[in-house]
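According to UniProt numbering, the sequence shown is numbered sequentially starting from 1.
Yeah, the Cβ is synthetic: ideal placement off N, Cα and C, and Gly gets one too.
Okay, structure first, notes after.
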Amino acid sequence: MRWKNVLIIMCLISFFSSLAAQGEPKFVSDKELAVILANFEQYAEESMSDWETPGMAVTIVQGDDIVYSKAFGVKTYKGNDPVTTDTIFQIGSTSKAFTAALVAMLADEGKIRWKDPVIEHLPDFEMYDPWVSREFMLEDLMAQRSGMPPHALDALVLFGFDREHVRHALRYAKPTSSFRSEFAYQNNLFLIAAQLIEKHTGKSWEENIKERIFEPLSMSASTMDMKSFQEAKDVTSLHHRLGDKIVTLSKDWPYLHWTYVYG
1 MRWKNVLIIM CLISFFSSLA AQGEPKFVSD KELAVILANF EQYAEESMSD
51 WETPGMAVTI VQGDDIVYSK AFGVKTYKGN DPVTTDTIFQ IGSTSKAFTA
101 ALVAMLADEG KIRWKDPVIE HLPDFEMYDP WVSREFMLED LMAQRSGMPP
151 HALDALVLFG FDREHVRHAL RYAKPTSSFR SEFAYQNNLF LIAAQLIEKH
201 TGKSWEENIK ERIFEPLSMS ASTMDMKSFQ EAKDVTSLHH RLGDKIVTLS
251 KDWPYLHWTY VYG
C-alpha cells in the first residue's frame, strides 16, 4: 500500500542463535537477551524518529513467553494521548501474513499442495495469458512475481468494486513482465488466496482469521471489520504523508474501506 496510516510495528520476534546439530533451536541466555532488549529499545526509538511515526506498541516473544512489551509515543500526531500496550492499530497489509498462514495450515492438513495449479482448486481463476492461468501455482499467489504491473487493479476498490469484481478483473490485467521474472507487489492475488481458504473451510476469510489465529492466540481485541475499529476506544488515529507533512485522517475517512476489501 502506498498510503500510510500510522507506520506501526507490531513485532513478534523470536530470538534464536544458530541451530544445534540435532536441529533444535538454542535460545539466547538471559544476559544476552538483556543486551538485545536494551539495544532494541534504542533502535525502536530511533526508528520512530527516523520515520516520524507518532506511536507504536512492541511485543517480543521468545518461545511461548513474552519477554518484552512496551508502548511508545502518542496515538495522534502532535497529540498527547499516549499509546498503551492495549492500543488498537489499523495494520493494513501486515495481515497478508495471516492469509499466508491460513494457506499453510491447509497444506499441513493435506487439503492442498503448494505446487498445485490454482485452477485445480478454483476453476474460474483466469489471468491475461491462458498459459499463465494454467501454470499459476498456489505458491505463486504470494510470491509477488505474477508479471502484472505493481498494485494492479487496486483502484477498482476506490470506485466501489468488491472482492469478486477484482478477482474477475485479473483476466484483463495486461502483464508488463514475463511470469515469475520480476517482483511486483500485488494486493489482488491475496483475494484469490482468501477464496481458496473459504472454499476448503466453508467459512469466510474473516471467520478463519478469528477462529484459527486470533482466538488461539487470545487476540480478543483484534477484529477484521471496519466498524469495530472505528468504534474502539483505545485506538490510534489514521495518518497519511502528504509531501513532507504528516496529515491526520478522520475515522470516517471515505477510503478506509479499501483496506478491509483487500484485507
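Per-residue burial, residue i [other beta carbons within 10 Å of its own, 16 or more giving buried]
i: residue 1; result: Low confidence applies to residue 1: its pLDDT is 39, below 50, so where it sits in the model is not reliable enough to give any reading.
i: residue 21; result: Only weak support is given to the placement of residue 21: the predicted model assigns it a pLDDT of 43, under 50, and the value that follows is read from those uncertain coordinates. That one is exposed.
i: residue 43; result: exposed
i: residue 270; result: What the structure shows of the chain is the stretch from 1 to 263, and residue 270 is not part of that stretch, so it cannot be assessed.
i: residue 208; result: buried
For residue i, the three-state DSSP class (helix, strand or coil)
i: residue 87; result: coil
i: residue 71; result: strand
i: residue 265; result: Residue 265 lies beyond the range of the chain shown here (1 to 263); nothing can be said about it.
i: residue 108; result: helix
i: residue 239; result: strand
i: residue 22; result: Confidence at residue 22 is low in this model, with a pLDDT of 49, below 50, so its placement is unreliable and the value that follows should be read with caution. If DSSP states are grouped into helix, strand and coil, residue 22 belongs with coil.
i: residue 264; result: As shown, the chain starts at 1 and ends at 263. That puts residue 264 outside it, with no answer to give.
i: residue 62; result: strand
i: residue 82; result: strand
Residue i at chain B interface by Cβ criterion, 8 Å
i: residue 197; result: The chain inventory of the structure shown lacks chain B, comprising one protein chain alone.
Contact belief for residue i with residue j at Cβ below 8 Å, rounded distance in angstroms
i: residue 198; j: residue 205; result: 6 Å
i: residue 263; j: residue 194; result: 6 Å
i: residue 128; j: residue 171; result: 6 Å
i: residue 270; j: residue 189; result: In the structure as shown, the chain starts at 1 and stops at 263, and residue 270 therefore has no counterpart that could be examined.
i: residue 236; j: residue 87; result: 6 Å
Residue i vs residue j beta-carbon contact at 8 Å
i: residue 98; j: residue 192; result: no
i: residue 135; j: residue 123; result: no
Alpha-carbon spacing of residue i relative to residue j, whole angstroms
i: residue 210; j: residue 66; result: 21 Å
i: residue 141; j: residue 121; result: 13 Å
i: residue 238; j: residue 178; result: 37 Å
i: residue 175; j: residue 148; result: 4 Å
i: residue 187; j: residue 75; result: 27 Å
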